[in-house]
Amino acid sequence: MAAGTQLDHFKTRFFANVSHEFRTPLTMIIGPLENALGGAYGSLAAPVSRQMDIMLRNARRLMRLINQLLDLSKLEAGKMSLKAGSRNIVSFLQ
């Protein structure tokens, strides 16, 4: 295997491993936040609810970014393929 190919393979594995390591604790953060905001532990004071909502929103954003890293790793490893299609890029970017 050529040095460049080995480096690409190592990089892909690294991102996949790091992404998986972040996903597990993040999932364990998101679940209890969703439960608390859903009333599973009783009612929350408004300031606490607002702060927990911010925490949940940011945790979900981080999860989306981690999932994108995993998708990139899958693409590079050949375990996922792109499905190109014709779209209006202007409306997409807006």
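If you're matching positions, the sequence shown starts at 1 in my numbering and goes up one per residue.
Each residue gets a CB set at the ideal place from its N, CA and C atoms; glycine is no exception.
From a predicted model like this one, the values you see are computed outputs, not experimental measurements.
A direct Cα-Cα distance of roughly 18 Å separates A77 from L65. Taking all protein chains shown into account, S86 has fewer than 16 neighbouring C-beta atoms within 10 Å of its C-beta and is therefore exposed. In the three-state scheme derived from DSSP, where H, G and I count as helix and E and B as strand, G78 is classed as coil. DSSP, reduced to helix, strand and coil, places A46 within a helical segment of the structure shown. Sixteen is the threshold: since fewer than 16 other Cβ atoms of the shown chains lie within 10 Å of the Cβ of S49, the residue is exposed.
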